[in-house]
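Enquirer: Here it is, the structure in full.
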Amino acid sequence: MTSKKYTIITFSPVQGFIEKSRKLRDLYGSSYLLSYLSWIVCNAAKNHDYEVVSPALINITQGMPNQIIIKGDFREEDAKAAFLTAWKCITETCREWIEDNIKGEWQYTTWKRSWGLWTKYAWEFFWVQGKENQSISDVREKLNQRKRSRDWTGINWQGESSTLSGADAIGKPCCFQQIAHPKLGEISDPRKYNYQQEKQLVTAFYQALSEKLGESFIDPKEELSIPELIKRLITYESVSNKLIEKIKEKFSQDTTTLEPLIEEIAQISKDLQPSSFKDLHRHKDYSQTQQDKGFQGWFHGDGDKAGDYLKKYPEKTHTFSKEMREWGKWFKARPLKMGRVIYAGGDDFLGIFYDKEDSGVKLEPKYCVDWFSDFKSKIWGDKKITVSVGFVWAFPGIPQRDVLQHCWDAEKSAKKNGRDRIALRILFNNGNHLEWVCPWWLLEAGLLSNYWDRDKNESKPQQNWTHIYNDVAVLESRHAFDDDGVDIALSLLKIYFPKHVNVVKNNLLHSEYADLTKTKAGILGEDTIYQKENSQQIDQTKVNKALTNWIINLAKVGFHLCQQ
Numbered sequence: 001m002t003s004k005k006y007t008i009i010t011f012s013p014v015q016g017f018i019e020k021s022r023k024l025r026d027l028y029g030s031s032y033l034l035s036y037l038s039w040i041v042c043n044a045a046k047n048h049d050y051e052v053v054s055p056a057l058i059n060i061t062q063g064m065p066n067q068i069i070i071k072g073d074f075r076e077e078d079a080k081a082a083f084l085t086a087w088k089c090i091t092e093t094c095r096e097w098i099e100d101n102i103k104g105e106w107q108y109t110t111w112k113r114s115w116g117l118w119t120k121y122a123w124e125f126f127w128v129q130g131k132e133n134q135s136i137s138d139v140r141e142k143l144n145q146r147k148r149s150r151d152w153t154g155i156n157w158q159g160e161s162s163t164l165s166g167a168d169a170i171g172k173p174c175c176f177q178q179i180a181h182p183k184l185g186e187i188s189d190p191r192k193y194n195y196q197q198e199k200q201l202v203t204a205f206y207q208a209l210s211e212k213l214g215e216s217f218i219d220p221k222e223e224l225s226i227p228e229l230i231k232r233l234i235t236y237e238s239v240s241n242k243l244i245e246k247i248k249e250k251f252s253q254d255t256t257t258l259e260p261l262i263e264e265i266a267q268i269s270k271d272l273q274p275s276s277f278k279d280l281h282r283h284k285d286y287s288q289t290q291q292d293k294g295f296q297g298w299f300h301g302d303g304d305k306a307g308d309y310l311k312k313y314p315e316k317t318h319t320f321s322k323e324m325r326e327w328g329k330w331f332k333a334r335p336l337k338m339g340r341v342i343y344a345g346g347d348d349f350l351g352i353f354y355d356k357e358d359s360g361v362k363l364e365p366k367y368c369v370d371w372f373s374d375f376k377s378k379i380w381g382d383k384k385i386t387v388s389v390g391f392v393w394a395f396p397g398i399p400q401r402d403v404l405q406h407c408w409d410a411e412k413s414a415k416k417n418g419r420d421r422i423a424l425r426i427l428f429n430n431g432n433h434l435e436w437v438c439p440w441w442l443l444e445a446g447l448l449s450n451y452w453d454r455d456k457n458e459s460k461p462q463q464n465w466t467h468i469y470n471d472v473a474v475l476e477s478r479h480a481f482d483d484d485g486v487d488i489a490l491s492l493l494k495i496y497f498p499k500h501v502n503v504v505k506n507n508l509l510h511s512e513y514a515d516l517t518k519t520k521a522g523i524l525g526e527d528t529i530y531q532k533e534n535s536q537q538i539d540q541t542k543v544n545k546a547l548t549n550w551i552i553n554l555a556k557v558g559f560h561l562c563q564q
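Start counting the sequence shown at 1; every next residue gets the next number (the UniProt record's numbering).
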């Protein structure tokens, strides 16, 4: 095709079920779903002889971004038909597998309607097309305007909410009193509602699911919505095999081009065998003490202002997409001595540090800190954009869902506090947390490793962070940091980090227009955060207070992560 039109497509779940994750398997399932649907749309465009500008390397199924840029007049009806057919393959496969394999005192009849509604209305689908010779940036802006308008249909439901997100009625075969017929989607008289009977049926259903799949897939105490159930089931090998057959049936004319997708689906289910998660089962052995279960470190990273870069250089969209997806593939496969990279979809990635049973080595927080100390230069490298990462050191016994939420929040905090940096967060059992945010260049300059305790012995292998931690505690108890407290905070910095006092003082802020791929990010972030109201003048009191808090948090977080 010689058309110079650009078509951009994106989609998102209407109920936010993708980001609601209790288990690692949910994360894999979510990433897998988005990648699978993106791949199908891209493949449909290629089969119509259109060029897929982004994402590049569409044969890499995992981590496919769900904003698709196509060069050419790819019609909305063709794109949407491929998308909805692909999603229908998923929903039908999961529903049919349950009906064939989970037997009990129920019949699967009326719940088909609810599955049908989720097949039709689970996603918002956005399609825009530019005029001849209109730039990618202009078409992207058109997409943003389109996304501001509503493009979804709400699904009415009757019944209890999912224990994971409360998004919709529980995906169960029977809700009310008529046990012989499934009641999800059935219109019933509310006056005859029997909660205890419903609860018994729900319990029996999820017990049967758990016995068939195993607790690593579904806990018998869980009650999931239909889309949440789908996220779990598609990672189960027999379900994925059935999905492959369904895809071949629905897309029979494209069997050859579907081979990469089919191979990927088969591989994912093998990769997600329960045995591959045995090191991560933190709470299954109830005979263990909380301490025995071990700490874990989670990290989530995301490239900074990728959209701004592509808006400035729209002609580099394909090259940039290819570079980031190749990096994601490399990073995902890169060995991690004490942990694993869970997914890496270009500039978006998630990973975990944990004790590995076969290593015989206990995970220490210092290992994680050291790993991040050269992350920017050696792992991220010289990319076109910078990267922000949130790292959470989680105490034993904290639900994985809470840890993951803190992980997302820490990454957002890194961006909010200036980008091109890492937010190090300590998460305690009571839900409280400490956080310290540091630009990459300062971490790589050895700030944490150059800590001096009061002995001032540089050759001492283990520095005692208790000294600065106790000093801060005493000073806080005496309200020494009230007002801005910057002089006292800087005095602490001079005592314990003498090599870095001037470095810190001279690199506090960066301009909002700064290109952080070429200049140092300010330790406290962007200058606009500290401007006086209705003025471009810097409010020094705000800066001083922020610097004081930064030094206090350095002492507290450093104590938990670096004390040996």
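We put the beta carbon where it would ideally sit given N, CA and C, even for glycine. In this text the structure is predicted, and so the values were computed from the model without any measurement.
Are there three or more Cβ pairs, one per stretch, closer than 8 Å when the region 2–11 is compared with the region 64–75?
Expert: The region 2–11 vs the region 64–75: in contact.
Enquirer: Taking DSSP's pairing of strands, which residues face Tyr-6 in a bridge?
Expert: Lys-71
Enquirer: Nearest to Leu-440 by CA position, among Ile-422, His-467, Ile-426 and Phe-428, is which residue?
Expert: Sequence check: residue 440 is Trp here, not Leu. Of the candidates Ile-422, His-467, Ile-426 and Phe-428, the one whose C-alpha sits nearest the C-alpha of Trp-440 is Ile-422.
Enquirer: Going residue by residue through the region 86–129, where are the continuous beta strand (DSSP E) segments of at least 3 residues, counting only ones entirely within it?
Expert: 123–129
Enquirer: So the candidates are Leu-224, Asn-194 and Tyr-193; which of them puts its Cα closest to the Cα of residue 582?
Expert: The question about residue 582 has no answer, for the chain in this structure spans 1 to 564.
Enquirer: Between which two residues does the alpha helix (DSSP H) carrying Tyr-28 extend?
Expert: 24–47
Enquirer: For the region 549–557 against the region 477–497, are there 3 or more C-beta pairs whose distance is under 8 Å?
Expert: Enough Cβ pairs lie closer than 8 Å, so yes.
Enquirer: Which value, in whole angstroms, describes the spacing of the CA atoms of Val-100 and Lys-112?
Expert: Going by the sequence as given, residue 100 is Asp instead of Val. Looking at the two C-alpha atoms, the distance is approximately 14 Å.
Enquirer: Taking DSSP as the reference, what is the three-state secondary structure of Leu-443?
Expert: helix
Enquirer: If we call anything under 9 Å between Cβ atoms a contact, is Trp-118 one with Ile-226?
Expert: yes
Enquirer: Within its chain, find whatever has a CB closer than 8 Å to the CB of Met-338; leave out the 5 residues flanking it on each side and keep chain order.
Expert: Phe-353, Tyr-354, Asp-355, Lys-356, Ser-359, Val-361, Leu-363 and Tyr-367
Enquirer: Determine the burial state of Glu-228: buried for a count of at least 16 other Cβ atoms within 10 Å of its Cβ, exposed for fewer.
Expert: buried
Enquirer: State the DSSP-derived secondary structure class of Ile-342, mapped to helix, strand or coil.
Expert: strand
Enquirer: Hey, is Leu-57's beta-carbon within less than 9 Å of any beta-carbon in chain D?
Expert: The structure shown contains no chain D, having only a single protein chain.
Enquirer: Is it buried or exposed, Asp-527, if we count other Cβ atoms within 10 angstroms and call 16 or more buried?
Expert: buried
Enquirer: Given a cut-off of 9 Å, decide if Val-389 and Leu-427 are closer than it, judged by their beta-carbon atoms.
Expert: One thing to note: Leu-427 has its Cβ no nearer than 9 Å to the Cβ of Val-389.
Enquirer: Are the beta-carbon atoms of Pro-55 and Trp-123 separated by less than 9 Å?
Expert: no
Enquirer: With distances taken between CB atoms, is the gap from Glu-411 to His-500 smaller than 9 Å?
Expert: no
Enquirer: Indicate the three-state DSSP secondary structure (helix, strand or coil) for Asp-487 in the structure shown.
Expert: helix
Enquirer: Using a Cβ-Cβ cut-off of 6 Å (strictly less than) and excluding sequence neighbours within five positions of Val-486, which residues of its own chain qualify?
Expert: Asn-544, Leu-547 and Thr-548
Enquirer: Rounded to whole angstroms, what is the Cα-Cα separation between Asp-483 and Gln-531?
Expert: 18 Å
Enquirer: Check for me: the beta strand (DSSP E) holding Ile-352 runs from which residue to which?
Expert: 348–353
Enquirer: Check the DSSP bridge columns for Leu-434 and list the partner residues they point to.
Expert: Paired residues: Ile-426.
Enquirer: What's the gap between the Cα of Val-239 and the Cα of Ser-449?
Expert: 49 Å
Enquirer: Secondary structure at Gly-301, three-state DSSP: helix, strand or coil?
Expert: Note: Gly-301 maps to strand in three-state DSSP.
Enquirer: If you draw a straight line from the alpha carbon of Ala-473 to that of Lys-231, how long is it in whole angstroms?
Expert: 46 Å
Enquirer: Throw me the rounded Cβ distance for the Ile-268 and Thr-235 pair, which I believe falls under 8 Å.
Expert: Your pair Ile-268 and Thr-235 checks out as a contact, with CB atoms roughly 7 Å apart and the cut at 8 Å.
Enquirer: Along the chain, where does the beta strand (DSSP E) that runs through Trp-327 open and close?
Expert: Per DSSP, Trp-327 lies in no beta strand (DSSP E) segment; the continuous alpha helix (DSSP H) that holds it begins and ends at 317–333.
Enquirer: Just the Cα atoms here: how many angstroms apart are His-433 and Arg-425?
Expert: Computed Cα separation, rounded: 7 Å.
Enquirer: Ala-480 and Ile-468 look like a contact to me (Cβ under 8 Å); what is the Cβ gap, rounded to whole Å?
Expert: With a Cβ gap of about 14 Å, Ala-480 and Ile-468 do not count as contacting.
Enquirer: Going by the beta-carbon positions, is the gap between Glu-326 and Ile-136 smaller than 9 Å?
Expert: no
Enquirer: Helix or strand or just coil, what does DSSP make of Trp-393?
Expert: strand
Enquirer: Which of helix, strand or coil does DSSP assign to Ile-218?
Expert: coil
Enquirer: Helix, strand or coil for Glu-211 per DSSP?
Expert: helix
Enquirer: Measuring alpha carbon to alpha carbon, tell me which residue in Asp-382, Asp-370 and Ile-247 is nearest Glu-444.
Expert: Asp-370
Enquirer: Express the C-alpha separation of Ser-321 and Trp-87 in angstroms, rounding to a whole number.
Expert: 25 Å
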